[in-house]
Amino acid sequence: VFQGCGGLVSVLIVFVWLGGNQVSPLRPICDLRVLEHFIREAQDSEVIMRGCRGGCGAMKSYFVPLTSVDFAFWEHIDVHEQAVEVQTGLSLLVQALSTAMKAVSNSRLASALDNNISNIHSLSQILSTVLPDDSAPASTQSQEVSSLPELLQVQSSFLRGKVRLLLSAAPACQRQNS
Amino acid sequence: MTKMRSDRLKIVFMLCLAFITIGGQHFESKVAQLLRDETEDIKCFVEVKDLTCFWEEEEERNNLHDQYTFTYSYENKNKMACVVSSLSLLASNKTVFYCKLPKTPFFTPLDVQVFRDGRMLYSRSLNAENFLFLDSPRNLTVMSSEKEGQLNVSWLPPLLKYIDDSMIYEVRYAVEGSNMGKVEVIKVSTMLSLLGLQPDTRYKVWVRVKPDGVAYKGYWSAWTEPVLGVTQPSDMDPLIMLLVLFIGLILCLLSMTVIMSHHKFLLKKLWPDIPTPEHKFPGLFTIYKGDFKEWMSQNNGSMWGRSVHVYTEELPSPLEVLSEVSLTSHGTSQREERQAVEEDEEKESERSDSGLTDRWREPPEAYCLVEQLRALQENPESLSQSLLLQSHDTYVTLNQNSQGDDERQVDDVFEETLPLQMLFTTAGTTSLNTSHSDLSSLQQSLGSGRLSSQSSFEYPNHTWPPKGPGYAYVAVTDSGLGRHRMYTNDYKNEIFLHKWPLSGQHTQSRSESCMGPVW
């Protein structure tokens, strides 16, 4: 698993590096376009979910991270704490998505979910590279959702919010002129 | 770390202050705009970092915000209340109630409800990050480019920290005074070059901004105030270009005319013809393929005829032979000459049948000359005497007499050849054979013409009649006999004109001439 993840991350790094040179003077791994790509794919899963008519997963409850962001509050939080919260949340999402995928018989939805899972794995790798997660995983708050659409919505919101804010605010990814 | 945090807080506070002072204007305009565009009953938008939801005042209600209750909740939390405010729009003369959430949670579904008098009026669930209503871009500037038909547009994004990398812009430009505008969409970058514009034209430019829709979504911002820009004038004025083309065309035509009029001369200079002798040898190269022998054989007669004709063009003239013999000691010889002349007369009379009698009457001195010549033949030693030609020497004119009238003879002379008269041959060929080379040459050219001579006796002692202009004399000397007989040729018609009037005189002096040369 780690070898696969490592290979995938290395490919992603190359991809980001090739794409990143055109626009951002940041480190290639800090390029938000990779995250935005993942976000779009998470939103695609929501679209597929909305169009799903059969075999769209049983009604099941999932434990998902909290996605709400209060900018005023968020900016006061230490970046490492942010990193811990984000990593914990990503792992929760992976667990939930994996559980949901087992219950989905729709092939298109299942493949989308599988894609999302791999994306989250890549994100975890990227973030751990940018922000070394030294501290132990704290007990983060979580919430419970009762359906797959809600789960997908949480995933999308989490990626667009906390993950993105963390990546853009990571010290290693800050631009030198700012 | 704490210092960084305090710095960030200061920045945020300052920004908030700035937005409070400036944002008021924007708020009203945004409300007004959404009032027009948004179809939902309760309209919400996020300005900077706070969500504002507003609804239009129902009519028939005079009381303001007391009646309304605004609640919101998210993430299964308890409902929270929000203070309702009212706003009177001056432009549309409407009143709206709005509530601005103090802490807006993003990236989570937000449930908003509006109650009035305990009754729920409106309810809506939305994610705040999807309703961003940004301010218009700042500091729009339009600059003329050095290139033709191009304008450089630049601006600054609205002040929004966490979203500055995910904005898209729309640039609208139109000719001043025109309603037809074009739109250009540009992502992230805050500058744009407008291409393909008309030169030397004033353009208006507007810009607006919107979140790119990946992480954040929202409404288009309001257009900025238009900024004017002028494009560079075209380098080449079309009138000047036309003039230049016209002048160029005229010059070309002139040069063409000159070349065409002198094209032969120029062609000769640049590509000279190789001279060929073909015009002198007609048919040599075309018919006979350069075979000169063949050509000669074919064209021989005509060529010579032509050459002879050429010679005739040179007007062969009658040969006038002048005798210069001064024979003072020819007394005895004269008698012999007289006899010879008499013999000649007889012979000549025989030949008078040919119609030459009249002619022969004229030059009695011809006989004298023959007699003189005979005398000279018989008495070579008499020739040792001086034979210098004197002015009053006798001279013999040789011409070809036609069978017709004598009067025509004058004209005939120049038209035909003039062979020497057979007189000398008949009188004494043998005697003459041994004589002058000149005479012999003359004999060769003898034809059937007659000899008519004219005496010069009537012009004694240097009274040579002026013969008029154009007389030419050729002296033919005889060196065989040791004497110098000089013969002159007259080329002109005047000879014969002079002859006729003298003919009478000749006859008169005939008897005298036979006596001998009188000089």
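From first to last, the protein sequence lines stand for chains A and B.
Residue numbers for the first sequence follow this note's numbering, so the first one is 1 and each next one is one higher.
Residue numbers for the second sequence follow this note's numbering, so the first one is 1001 and each next one is one higher.
In this text, a Cβ means the ideal position worked out from N, Cα and C, and glycines have one as well.
Within the segment 59-109 of chain A, the runs of beta strand (DSSP E) that reach at least 3 residues and sit entirely inside it are, in chain order, 62-65. Using a Cβ-Cβ cut-off of 8 Å, Val1214(B) is close to Glu36, Ile39, Arg40, Arg160 of chain A, given in chain order. Nearest to Thr1224(B) by alpha-carbon distance, out of Asp1135(B), Thr1108(B), Phe1045(B), is Asp1135(B). Per DSSP, reduced to three states, the secondary structure at Lys162(A) is helical.
Under the three-state reduction of DSSP, Tyr1216(B) is assigned to coil, being neither helix nor strand.
Unbroken alpha helix (DSSP H) runs of no fewer than 4 residues, entirely contained in the segment 1162-1216 of chain B, are not found.
Of the residues assessed, Cys30(A) falls on the buried side of the cut-off, its CB having 16 or more other CB atoms within 10 angstroms. Considering only Arg1208(B), Asn1078(B), Gly1213(B), the residue with the shortest C-alpha distance to Ser1221(B) is Arg1208(B). Around the beta carbon of Arg1008(B), fewer than 16 other beta carbons lie within 10 angstroms, which makes this residue exposed. In the assembly as shown, His1026(B) is a buried residue. Its beta-carbon has 16 or more other beta-carbons within 10 Å. For Cys1082(B), the three-state secondary structure derived from DSSP is strand. Sequence-distant Cβ neighbours of Glu1278(B) in its own chain, meaning closer than 8 Å and more than five residues away, are Leu1284, Phe1285, Thr1286. Between Val1188(B) and Glu1170(B), the C-beta spacing is not below 7 Å.
Counting every other CB atom within 10 Å of its CB across the protein chains shown gives Trp1206(B) a total of 16 or more, marking it as buried.
For Phe1045(B), no CB of chain A lies under 7 Å from its own CB, so it is not counted at the interface with that chain.
Listed along the chain, the chain A residues whose CB falls inside 9 Å of the CB of Glu1056(B) amount to none; the nearest CB is some 29 Å away. At the C-beta level, Glu75(A) and Thr140(A) stay beyond 7 Å of one another. Only those residues of the segment 1131-1143 of chain B whose C-beta falls short of 8 Å from the nearest C-beta of chain A would be listed, and there are none. The beta-carbon of Ser68(A) is placed less than 7 Å from the nearest beta-carbon of chain B. Pairing Ala172(A) with Leu113(A), the inter-Cα distance amounts to about 31 Å. Of all residues in the segment 1149-1166 of chain B, the ones placed with a Cβ closer than 7 Å to any Cβ belonging to chain A are Tyr1162, Asp1165, in chain order. When C-beta distances to chain A are compared with 8 Å, every residue of the segment 1232-1251 of chain B stays at or above that value. At the C-beta level, Tyr1098(B) and Thr1052(B) come within 7 Å of one another. Comparing C-alpha distances from Arg1119(B) to each of Ala1128(B), Trp1155(B), Gln1067(B) shows the shortest one belongs to Gln1067(B).
Residue pairing for Met1143(B): DSSP places it in a beta bridge opposite Asn1152(B). A contact is defined here as three or more CB-CB pairs under 8 Å, and the segment 102-119 of chain A meets this definition with respect to the segment 50-61 of chain A.
In chain order, Thr1141, Thr1190, Met1191 place their CB closer than 7 Å to the CB of Ser1154(B), counting only its own chain and leaving out the 5 sequence neighbours on each side. Taken atom to atom, the span from the alpha-carbon of Ser1088(B) to that of Lys1049(B) is near 23 Å.
According to the DSSP assignment, Ser1125(B) belongs to the beta strand (DSSP E) that extends over 1119-1127. A straight line joining the alpha-carbon of Leu166(A) with that of Lys1010(B) spans about 21 Å. Per DSSP, reduced to three states, the secondary structure at Ser122(A) is helical. Proximity of chain A to Lys1103(B) at the Cβ level (cut-off 8 Å) is accounted for by Asp70, Ala72, Phe73, in chain order.
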